[in-house]
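For the sequence shown, the numbering used here assigns the number 1 to the initial residue and increments by one for each residue that follows. Where a beta carbon is used, it is the ideal one built from N, C-alpha and C, also for glycine.
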Amino acid sequence: MYDMKALYQARSVEDAVALRLAHPEAQIIAGGSDVLVQMREGRRAGAELISIQGLDEIRGVSMDADGTLRIGSLTSFSHIARDPLIREHIPVLGEAVDQVGGPQIRNIGTIGGNTCNGVTSADSASTLHAWDAVVELTGPHGVRRQPIGEFYIRAGRVDIREGEIQTAILIPKESYAGTFGHYIKYAMRSAMDIATLGTSVNVRLCAGKGTVERARAAFGVAGPVPLRAVHAEALAAGRPVSMDLAEEFAQAVKEDIHPRDSWRAAKDFRLHIAVESAKRAFIESVRRAGGAL
């Protein structure tokens, strides 16, 4: 049994917004893989819940007229991992979310829940940061779009305002066209574990495949929120592809990350993992882009 005060079932996005305004202390619930566990543990005893699970209008992957990939916030990890548009344009996102929990969690867990809980260890977070994702929120004043780097405010807190619900994650065409990436999750176990560090890198090569046009690197659990390694990105832009560049790129990520000591790993160990995983992910991204090192 779950100790809850009330459960409200939203019939549409507009209804969910109205329920949020009427019950500002209520918790949005979608798949429930986080909220229900917290309730069972007593951390949300007596909570009011607003269920948006039935809102098919914000479920699934599609492409807007301008080429933007639209991932509805209720899209499950399993759906993302096998979706044809994701596999064609940004397969690394499917690979990343396919490392969340086990099959049961991936079948019910949603991309919206994974981002809205604000934790830096979310397996989707570093890849979404590396691909310049935009968060779409719908509220009493209409639709608001925000770069994902601004959506994360601090550990466990995101920028969802009064009456708003997250309705989609958007990946602009400029972010994925001709771009190839790789995600590395380091965890204490190979399955069913939270990331000790998550690293997502992508590259776009120039026409001859010998020069980096642009590179992106983002990390989870390297700071209180997911973050980009902008110094490494700037260093790689316009440089010839080489193993030396891969090493320089990896070392440069230390300029931007701020891991901490925890029971999972010491700060120095996380720094070591970050450098090594950035190098490996860069090399694999170049390989997937058709380059050679």
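Own chain, CB closer than 6 Å to residue i, minus 5 neighbours either side, in chain order
i: Gln146; result: Val135
i: His79; result: none
i: Arg301; result: The structure shown has nothing for residue 301, since the chain only spans 1 to 293.
i: Asp159; result: Phe151 and Ile153
i: Arg106; result: Phe77, Ser78 and Val100
i: Glu164; result: Leu137 and Gly139
i: Tyr8; result: Leu19 and Ile50
i: Ala45; result: Asp3
i: Asp193; result: Ala187
i: Glu95; result: Tyr183
Spatial distance of residue i from residue j (CA atoms)
i: Ala125; j: Phe219; result: 8 Å
i: Pro259; j: Ala222; result: 4 Å
i: Gln251; j: Ala232; result: 8 Å
i: Ala161; j: Arg82; result: Residue identity check: residue 161 is Arg in the sequence provided, not Ala. Taking the straight line from one Cα to the other gives about 32 Å.
i: Ile86; j: Thr115; result: 18 Å
i: Met63; j: Glu88; result: 12 Å
i: Asp66; j: Gly181; result: 22 Å
i: Gly198; j: Ile257; result: 12 Å
i: Ile153; j: Ala207; result: 38 Å
i: Ser285; j: Asn202; result: 6 Å
i: Arg280; j: Leu227; result: 18 Å
i: Ile295; j: Val17; result: Nothing about residue 295 can be read from this structure; the chain reaches only from 1 to 293.
i: Arg157; j: Asn117; result: 7 Å
i: Ala278; j: Met4; result: 44 Å
i: Leu74; j: Ile111; result: 7 Å
i: Ser175; j: Ile283; result: 19 Å
i: Arg288; j: Tyr183; result: 12 Å
i: Val143; j: Val92; result: 28 Å
i: Gly291; j: Gln38; result: 46 Å
i: Asp132; j: Gln104; result: 29 Å
i: Thr68; j: Lys254; result: 32 Å
i: Pro24; j: Val35; result: 16 Å
i: Gln166; j: Gly102; result: 24 Å
Anticipated Cβ contact below 8 Å, residue i with residue j, distance rounded
i: Ile29; j: Ile50; result: 7 Å
i: Glu14; j: Gln27; result: With a Cβ gap of about 19 Å, Glu14 and Gln27 do not count as contacting.
i: Leu21; j: Pro140; result: 6 Å
i: Ala195; j: Ser121; result: 5 Å
i: Asp123; j: Lys185; result: 6 Å
Neighbourhood of residue i by C-beta, 8 Å cutoff - its chain only, sequence neighbours within 5 removed
i: Arg239; result: Thr211, Val212 and Leu245
i: Ile108; result: Gly31, Gly32, Ser33 and Ser76
i: Thr155; result: Thr is not the amino acid found at residue 155; the sequence shown has Ala there. Once the five neighbours on either side are set aside, the close Cβ partners of Ala155 are Gly118, Val119, Thr120, Pro224 and Val225.
i: Ser12; result: Leu55 and Glu57
Beta carbon proximity, residue i to chain C, threshold 8 Å
i: Glu174; result: The structure shown has no chain C; it contains just one protein chain.
Proximal residues to residue i (C-beta, below 7 Å), its chain only, five neighbours per side dropped
i: Val230; result: Asp256
i: Met188; result: Thr196 and Arg264
i: Ala236; result: Val212, Ala215, Leu245 and Phe249
Checklist entry - Which ranges would you report for the alpha helix (DSSP H) in the region 121–154 if only whole runs of at least 4 residues count? => result 125–130 and 148–151
Next on the checklist: Tell me whether the region 267–274 and the region 163–173 touch, counting them as touching only if at least three CB pairs, one residue from each stretch, are closer than 8 Å.
Outcome noted: no
Checklist entry - Which ranges would you report for the beta strand (DSSP E) in the region 205–289 if only whole runs of at least 3 residues count? => result 212–220
Checklist entry - Which whole runs of the beta strand (DSSP E) in the region 53–88 are 3 residues long or more, in chain order? => result 61–63 and 69–72
Checklist entry - Of all the alpha helix (DSSP H) runs that stay within the bounds of the region 1–31, which reach a length of 4 or more residues? => result 13–22
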